[in-house]
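Sequential numbering of the sequence shown, starting at 66, is according to the numbering used here.
Below is one structure, written out as structure tokens; the observations come after it.
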Amino acid sequence: MDITSDLKDDILNHTKSIENIEVVYKKKNKYSGKLARVQQTPFEITILDNNHKEETEHTVDFDLAQEIIIKLFDGTIKAFKDVVVLL
66 MDITSDLKDD
76 ILNHTKSIEN
86 IEVVYKKKNK
96 YSGKLARVQQ
106 TPFEITILDN
116 NHKEETEHTV
126 DFDLAQEIII
136 KLFDGTIKAF
146 KDVVVLL
């Protein structure tokens, strides 16, 4: 998944407003939870994962992620999806 300027801006500019981040990988493997850490350069997001008890923190792998959903406290939901090219 490409790290777009919109995705970076939404994460970096709204860190206090983010209620939850959900990351979807292939085979519907999902990680979901509160934002734990953000690193600007290189861009990296770590969430406190609610779904996997053995792994309480999850660092997003943008190369494998297919979709990232950001839920803000005001009810706004923003989704970023990997572009699929059909030939």
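Cβ coordinates follow ideal geometry from the N, Cα and C atoms, glycine included.
From a predicted model like this one, the values you see are computed outputs, not experimental measurements.
*Could you tell me the distance, in whole angstroms, from the CA atom of G98 to the CA atom of V148?*
Looking up residue 98 in the sequence shown gives position 33. Looking up residue 148 in the sequence shown gives position 83. V148 has its alpha-carbon roughly 24 angstroms from the corresponding atom of G98.
*For L77, count neighbouring Cβ atoms within 10 angstroms of its own Cβ and tell me buried if that reaches 16, exposed if not.*
Along the sequence shown, one-based indexing puts residue 77 at 12. So L77 counts as exposed.
*State the start and end residues of the unbroken beta strand (DSSP E) segment that holds N85.*
Taking the sequence shown and counting its residues from 1, one reaches residue 85 at position 20. Looking at the DSSP string, the run of the beta strand (DSSP E) that includes N85 is 83-89.
_Less than 9 angstroms between the beta carbons of I112 and E122, yes or no?_
Here residue 112 corresponds to residue number 47 of the sequence shown, with the count starting at 1. Here residue 122 corresponds to residue number 57 of the sequence shown, with the count starting at 1. In terms of Cβ geometry, I112 and E122 form a close pair [threshold 9 angstroms].
_Tell me the residue span of the beta strand (DSSP E) that contains D71._
In the sequence shown, counting from the first residue as 1, residue 71 sits at position 6. First-last for D71: 70-78, but that is the alpha helix (DSSP H), not the beta strand (DSSP E).
*Pick from I135, D139, A144 that is closest to I86, judged by C-alpha positions*: Mapped onto the sequence shown, residue 86 falls at position 21. Nearest neighbour of I86 by Cα position, chosen from I135, D139, A144, turns out to be I135.
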